[in-house]
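Contents: one structure, followed by commentary.
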Amino acid sequence: MINKWIAGVILLLGSSLNLVQAAPTNLETLMVKAPGVDKPMAFKVTLPASYGENLDKRYVLLFDFHPRSRGYLEGMHDWMSHNGDWPWLETIIVTAPDGDQALGKLKSQAIEQEGSVALLDFMGQSLLPAIDAKYRTNGFRIMNGFTGNAGLVLYTLLNRPELFNAYLAASPVLSDDFAYVIKSAADKLEKLKGKPRYLMLTTSDSDFEQRQLEDFAALEELLETTNHPALHYKVKRFDGTYYMTQPILATAYGIEWLFDDYHRVLSPDSDIAKGGVKAILDHYSYLSQQKYGFPVPSTDSLIALADAEFAKDKDNGLAVYLAAVEANPDSHTAHDALARAYGELKMFDLAIAQQKQALAKTDHPFWTRKYSESLAALEAQRH
């Protein structure tokens, strides 16, 4: 029994060691100079695990003002992105220096001086350009924050919405005219225009948040009643949970909500899919060009529609499979789906040609094995 217990401990320790070895180690320091300040600010940059390997890949950016947020953001991101960008697209995480007086002064001005935009100018003219110049960003930016920094997230959204695409504000400080968010929200929400922006606003009923709940409710009502077609938002309560758990919950829910349309396959009976191939392609064109700024593949949603149509009408279904390949010519799954359809129609030469295309477009061991087996089966049926 003792030997089994020792063996179990060894296995557990081995697993723990593997987890430690798998944790991201791509931590760098980016020195950024603010106008009129002699000493550069030392921002911490955590690069995704694949950054040094996938040299052609560009990445989402997430920024947080709190220096200690790096620990939980880094760990959550590593866990939530290591299964092929799902549910968190691989992201470059940047956090602010701890105790930098110049940055502290800029933040204080934003909080205390109505109309101050010095912090926003620093982010827009110095910080973000420095990040983009050194790292392979893809243009999609997220600003994340908790309590006072969440208040600054809202301040940024209202005063310089173009700086980020998405804003995650957990338990924001709003009382006492913090950064003049509540005072200016109604007018500035009405002025939000251009490309879509995304806001996840969260809070709870913990003791520490009680003082903010009245203003939080007022902001929520403004979001519900103000005309702001460019702003997509979600408000979520985590009542009954601990105060210090709030940023963890808010980040997890915010990431899932934000990237849901990237990952979720459209059901064939969804409103969009009912419009057919064109409606699906228009939807993914909107996501690619308006929301994200980089390609969002339509493959899986087209294949789902093709499967449903093929079960009812082989010709209609085949046309959708062909559309999936035309829209996503480098997708191995699109070629495989078309091969499967040709195989069911006993059009084996065409099926084999498509299966070979699928095999040529991936080097992943699982898919190469699967497609090789399918190819062998098709060749056997042809003979």
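All letters in the sequence shown, in the order written, are residues -22 to -1, 1 to 361 by mature numbering (1 follows the signal peptide of the UniProt record, and there is no 0). Note that CB positions come from ideal geometry on N, CA and C, so glycine has one too. Keep in mind it's a predicted model, so treat the numbers as computed, not measured.
Element boundaries [alpha helix (DSSP H), containing residue i]
i, result
"G126", "126 to 137"
"L197", "191 to 203"
"A163", "159 to 168"
Buried or exposed (CB count within 10 angstroms, at least 16 for buried), residue i
i, result
"F100", "buried"
"G253", "exposed"
"N205", "exposed"
"D293", "exposed"
"Q359", "exposed"
"G123", "buried"
"L353", "buried"
"Q335", "buried"
"residue 442", "Nothing about residue 442 can be reported from this structure: the residues present for the chain run from -22 to 361 only."
"W66", "buried"
"Q224", "buried"
"H261", "buried"
"Q14", "Per the sequence shown, the amino acid found at residue 14 is Gly instead of Gln. Exposed: under 16 other Cβ atoms inside 10 Å."
"Q91", "exposed"
"D189", "According to the sequence shown, residue 189 is Arg rather than Asp. Label assigned to R189: exposed."
"P75", "buried"
"G77", "exposed"
"G232", "buried"
"D308", "exposed"
"K166", "buried"
Secondary structure of residue i, DSSP reduced to three states
i, result
"Y270", "helix"
"I233", "helix"
"G30", "coil"
"A315", "helix"
"G321", "helix"
"D42", "strand"
"F21", "strand"
"R360", "helix"
"K339", "coil"
"R36", "coil"
"L152", "coil"
"A228", "helix"
"A12", "coil"
Same chain, Cβ closer than 8 Å to residue i, neighbours up to 5 away in sequence not counted
i, result
"L356", "A317, G321, F326, A329, I330, Q333"
"E168", "T204, N205, H206"
"S266", "F272, P273, V274"
"P343", "none"
"T7", "A20, F21, K22, V23"
"K350", "According to the sequence as given, residue 350 is Ser; it is not Lys. Here the set comprises L337."
"I130", "What sits at residue 130 in the sequence shown is Leu, not Ile. F43, K85, A88, I89, L97, G123, A157, listed in sequence order."
Nonlocal neighbours in the same chain, by C-beta distance under 6 Å from residue i, ignoring five residues either side
i, result
"Q87", "S94, A96"
"T73", "K22, D42, P45, S47, R48"
"L(-10)", "Because L(-10) sits at a pLDDT of 36, beneath the cut-off of 50, its placement in the model cannot be relied upon, and the point is left open."
"D183", "D217"
"K212", "M178, W235"
"L227", "F216"
"L105", "V10"
"residue 368", "With the chain represented from -22 up to 361, any question about residue 368 goes unanswered, as that position is not in the structure."
"Y117", "Strictly speaking, residue 117 in this sequence is Gly, with Tyr absent from that position. Excluding residues within five positions, the ones whose Cβ falls inside 6 Å are G271."
Sequence-distant residues of the same chain with beta carbon closer than 7 Å to residue i, five excluded per side
i, result
"P246", "A282, L283, A286"
"T115", "R36, Y37, L39, I70, I109"
"A196", "I160"
"A164", "L200, T204"
"K171", "A208"
"S276", "I258, L259, Y262, A305, N306"
is_contact[residue i, chain C] using C-beta, thresh 8 Å
i, result
"F216", "Judged by its chain identifiers, the structure shown contains no chain C, having just a single protein chain."
N-terminal and C-terminal residue of the beta strand (DSSP E) that residue i is part of
i, result
"Y221", "Looking at the DSSP string, Y221 is not in any beta strand (DSSP E), and its letter there is neither H nor E."
"H210", "209 to 215"
"L141", "No beta strand (DSSP E) contains L141, which DSSP labels as neither H nor E."
Practice prompt. Could I get the ranges of all uninterrupted alpha helix (DSSP H) runs contained in the segment 231 to 310, with 4 residues as the minimum, in chain order?
Written response: Contiguous alpha helix (DSSP H) elements confined to the segment 231 to 310 occur at 254 to 264, 277 to 290, 292 to 305, taking only those with 4 or more residues.
Worksheet entry | Whole runs of the alpha helix (DSSP H) within the segment 44 to 118, excluding any shorter than 4 residues | List check, alpha helix (DSSP H) in window: 47 to 59, 79 to 90, 96 to 100, 106 to 112.
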